[in-house]
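Engineer:
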Amino acid sequence: MIFKRFFKPYAEYSLRTTLSEDELKNALDQEFSGYFVTSITALFSKEEVTFCRTWKPLTLSPVLRGRNSLRGDVSIRCRKAESSGETILDITISPQDARLFVWLFFILCLAALIPFIRSGSWLFVGPLVMAGFLFLVLAGCRVFAESEVPEIQEAFEKTLRRLEKKYKKEKP
Numbered sequence: 017m018i019f020k021r022f023f024k025p026y027a028e029y030s031l032r033t034t035l036s037e038d039e040l041k042n043a044l045d046q047e048f049s050g051y052f053v054t055s056i057t058a059l060f061s062k063e064e065v066t067f068c069r070t071w072k073p074l075t076l077s078p079v080l081r082g083r084n085s086l087r088g089d090v091s092i093r094c095r096k097a098e099s100s101g102e103t104i105l106d107i108t109i110s111p112q113d114a115r116l117f118v119w120l121f122f123i124l125c126l127a128a129l130i131p132f133i134r135s136g137s138w139l140f141v142g143p144l145v146m147a148g149f150l151f152l153v154l155a156g157c158r159v160f161a162e163s164e165v166p167e168i169q170e171a172f173e174k175t176l177r178r179l180e181k182k183y184k185k186e187k188p
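Mapping of the sequence shown onto my numbering: residues 17 to 188, in sequence order.
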């Protein structure tokens with residue numbers, strides 16, 4: 017429970033698109049490559065935000081300057097609009113859930129604490145500092161990731177509009 021707040025979604029909103037769910041999946045598969053290739057090409061890109069595919073369908077991972085483990089991925093859920101032929105995209109920008117890793121690191125710090133306390137050594141401070149440093153790093157990563165959300169939202173909307181023009185134009 018103590019780490020759950022670091023992995024909550026940053027933003028949840030909706031967008032309308034003229035692409036159907038299948039067209040959107042097809043466009044994302046054709047336009048975006050995996051993380052390694054995208055991160056290399058992002059170095060030479062003029063764009064601030066570049067997206068890459070993840071192993072989850074309809075989920076894109078933004079690549080910006082630097083690496084942040086809590087940077088939000090863009091997850092898309094599609095639903096049909098009732099009155100028009102459009103598709104409503106429910107967008108969630110949230111970090112990957114790495115609570116298991118964080119819990120394991122925290123437990124490792126606590127486990128390292130026990131032998132130092134039993135021996136009466138002053139070195140028991142080391143695991144406490146490591147656990148505190150863990151919280152500090154998570155808080156810093158969260159703050160930086162939250163500051164990137166407007167930029168990611170804007171870049172995703174521009175990308176979506178570009179895909180609409182490109183893939184709707186190709187239909188006969």
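Glycine included, C-beta positions come from ideal geometry on N, C-alpha and C.
Computed from a predicted structure; not experimentally measured.
For Met146, I'd like the list of residues in its chain whose CB is within less than 7 Å of its CB, leaving aside the five on either flank, ordered along the chain.
Structural biologist: Sequence index remark: in the sequence shown, residue 146 carries index 130 (1-based). Closer than 7 Å at the Cβ level, and outside the excluded window around Met146, lie Cys125.
Engineer: Nearest to Leu37 by alpha carbon, out of Phe22, Lys96, Ile18?
Structural biologist: Along the sequence shown, one-based indexing puts residue 37 at 21. Note that residue 37 is Glu in the sequence shown here, rather than Leu. With distances taken between Cα atoms, Glu37 lies closest to Lys96.
Engineer: Skipping 5 residues on each side, what residues in its chain have a beta carbon closer than 7 Å to that of Trp119?
Structural biologist: Against the sequence shown, residue 119 aligns to sequence position 103. Only Phe19 meet the Cβ criterion.
Engineer: List the residues that DSSP assigns as beta-bridge partners of Glu28.
Structural biologist: If you number the sequence shown from 1, residue 28 lands on position 12. In DSSP, Glu28 forms a bridge with Thr108.
Engineer: Compare the beta carbon distance of Gly101 and Val165 with 8 Å and say whether it is the shorter of the two.
Structural biologist: Looking up residue 101 in the sequence shown gives position 85. Looking up residue 165 in the sequence shown gives position 149. No, these two residues do not count as a Cβ contact at 8 Å.
Engineer: Within the same chain, show all residues whose beta-carbon is closer than 6 Å to that of Leu86, passing over the 5 residues directly before and after it, in chain order.
Structural biologist: Translated into the one-based positions of the sequence shown, residue 86 becomes position 70. Excluding sequence neighbours, Leu86 sits near Pro111, Cys157, Arg158, Ala161.
Engineer: Express the C-alpha separation of Thr108 and Arg81 in angstroms, rounding to a whole number.
Structural biologist: As a first step, residue 81 is located in the sequence shown; it is residue number 65 there, counting from the start. As a first step, residue 108 is located in the sequence shown; it is residue number 92 there, counting from the start. Approximately 21 Å, taken between the alpha carbons.
Engineer: Any contact between the segment 26-36 and the segment 176-184? By contact I mean 3 or more CB pairs, one from each, below 8 Å.
Structural biologist: A contact exists between the segment 26-36 and the segment 176-184.
Engineer: What residues match up with Pro78 in a beta bridge as DSSP calls it?
Structural biologist: As a working note, residue 78 is residue 62 in the sequence shown. Paired residues: Phe67.
Engineer: Could you name the residues of the same chain whose beta carbon sits closer than 6 Å to that of Asp106, not counting the 5 residues immediately before and after it, in chain order?
Structural biologist: Within the sequence shown, numbered from 1, the residue matching residue 106 stands at position 90. So the qualifying residues of the chain are Ser30, Arg93.
Engineer: What span of residues does the alpha helix (DSSP H) with Ile18 cover, start to end?
Structural biologist: For this step, residue 18 is matched to residue 2 along the sequence shown. First-last for Ile18: undefined, no H or E at that position.
Engineer: If you run the structure through DSSP and keep just helix, strand and coil, what is Ser135?
Structural biologist: Along the sequence shown, read from residue 1 onward, the residue named residue 135 stands at position 119. Correct three-state label for Ser135: helix.
Engineer: In its own chain, which residues sit with a C-beta less than 8 Å from the C-beta of Leu129, not counting the 5 before and 5 after it?
Structural biologist: Position 113 of the sequence shown, counted from the start, is the residue given in the question as residue 129. So the list reads Phe140, Pro143, Leu144, once near-sequence residues are dropped.
Engineer: Less than 8 Å between the C-beta atoms of Pro78 and Ile168, yes or no?
Structural biologist: Along the sequence shown, read from residue 1 onward, the residue named residue 78 stands at position 62. Along the sequence shown, read from residue 1 onward, the residue named residue 168 stands at position 152. It is a contact, given that the beta carbons lie within the stated cut-off.
Engineer: Going by beta-carbon coordinates alone, are Leu74 and Ser91 separated by less than 8 Å?
Structural biologist: Numbered from 1 along the sequence shown, position 58 holds the residue referred to as residue 74. Numbered from 1 along the sequence shown, position 75 holds the residue referred to as residue 91. Yes.
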